[in-house]
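What follows is one structure encoded as structure tokens, with my remarks underneath.
Structure follows, in structure tokens:
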């Protein structure tokens, strides 16, 4: 139940971010159900043994030493400290934005506290499986309703790519690593030192070492075109063909993202289940 709640909160947060492709949103949590049925139970048992039950044990020990009794409110205190340490490590190593860190801390603290309190209650009064599942299901429905109402009331805004046209896309684009792409108004394109991630990804098959994308650079001339799409701005595509680059007329093309003031071109590469994104900016 905690995984579903976390997926819901993460899904709503994705709607406000600037992803290179349309996010699954809170409904993506439904896709987790088969995974949870097959893999989630062993993972939950492992998490209970290695994280949840130690939090309950530490809380009871600290409470007994400092207050002389077992006070339940020490559980959220210990859980909050543990989550703070984990978030601090994530912040130092991955350097996400402050908003992402705050959301990660809040979600982790709430989920760990809820699981630890449920474990403490079960230890004192016996199993509470059906009650936990029932309250968890109500919480899932409540989070979905509150989140939908917040977006419907305009408290949060769902991100949409800016509407573009061919004239707005002409000019020089850069990947920030020395690679540039020039799109001319007559439909010609000039690439200089662009990273050919797809070639690097194909070269990685059968190798134990990860290839250096910097070794796979391409320079050449070609053509480009803009497709406005059918329904939403997510459907916009830039089709690019450059001799010597794997930027052929693939099905997905280059997606348009960013903002009207700072547009981006995003191209997917690598594993379809966990793709990477190559981004060019003006």
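Residue numbers (my numbering): 1302 to 1583.
Ideal placement from N, C-alpha and C gives every residue a C-beta, glycine not left out.
None of the values given here were measured: they were computed from a predicted structure.
Check, Outcome
"Range of the contiguous alpha helix (DSSP H) that encloses residue 1364", "1354-1368"
"Residue burial classification, residue 1340 (beta-carbon count within 10 angstroms, cutoff 16)", "exposed"
"Assigned exposure category for residue 1565 - 16 Cβ within 10 Å defines buried", "buried"
"For residue 1485, three-class secondary structure by DSSP", "coil"
"For residue 1364 and residue 1371, the rounded distance between their alpha carbons", "6 Å"
"Between the CA atoms of residue 1468 and residue 1543 - distance to the nearest angstrom", "20 Å"
"For residue 1492 and residue 1520, believed in contact at Cβ under 8 Å, the rounded distance", "6 Å"
"Residue 1421 versus 1356, 1446, 1499 and 1465, residue with shortest Cα-Cα distance", "1356"
"9 Å Cβ cutoff met for residue 1586 and residue 1554", "As shown, the chain starts at 1302 and ends at 1583. That puts residue 1586 outside it, with no answer to give."
"Where the alpha helix (DSSP H) containing residue 1381 begins and where it ends", "1375-1395"
"The segment 1317-1328 touching the segment 1453-1460, judged by at least three CB pairs closer than 8 Å", "yes"
"The segment 1378-1385 touching the segment 1412-1420, judged by at least three CB pairs closer than 8 Å", "yes"
"Residues near residue 1577 by beta carbon distance below 7 Å, same chain, minus five either side", "1498, 1570 and 1571"
"Status (buried if at least 16 other CB within 10 Å, exposed otherwise) for residue 1548", "buried"
"Delimiting residues of the alpha helix (DSSP H) encompassing residue 1436", "1430-1453"
"Outcome for residue 1474 when other beta-carbon atoms lying within 10 angstroms are tallied against a minimum of 16", "buried"
"Beta-carbon gap between residue 1391 and residue 1309 smaller than 9 Å", "no"
"Reference residue 1573; option with closest CA among 1580, 1563 and 1502", "1502"
"Same chain, Cβ closer than 6 Å to residue 1580, neighbours up to 5 away in sequence not counted", "1565 and 1567"
"Residue 1319 versus 1482, 1545 and 1535, residue with shortest Cα-Cα distance", "1535"
"Beta-carbon proximity check, residue 1302 vs residue 1434, cutoff 9 Å", "yes"
"Residue closest to residue 1464, alpha-carbon to alpha-carbon, out of 1404, 1522, 1448 and 1532", "1532"
"Residues bridged to residue 1538 (per DSSP)", "1528 and 1556"
"Coarse secondary structure for residue 1569, derived from DSSP in three states", "strand"
"Option nearest residue 1306 by Cα separation, candidates 1423, 1405, 1483 and 1374", "1405"
"Status (buried if at least 16 other CB within 10 Å, exposed otherwise) for residue 1387", "exposed"
"Boundaries of the beta strand (DSSP E) in which residue 1471 is found, first to last residue", "Note, residue 1471: premise wrong, no beta strand (DSSP E); not H, not E."
"Helix, strand or coil at residue 1579 according to DSSP, with G and I counted as helix", "strand"
"Nearest-angstrom Cα separation, counted from residue 1423 out to residue 1429", "6 Å"
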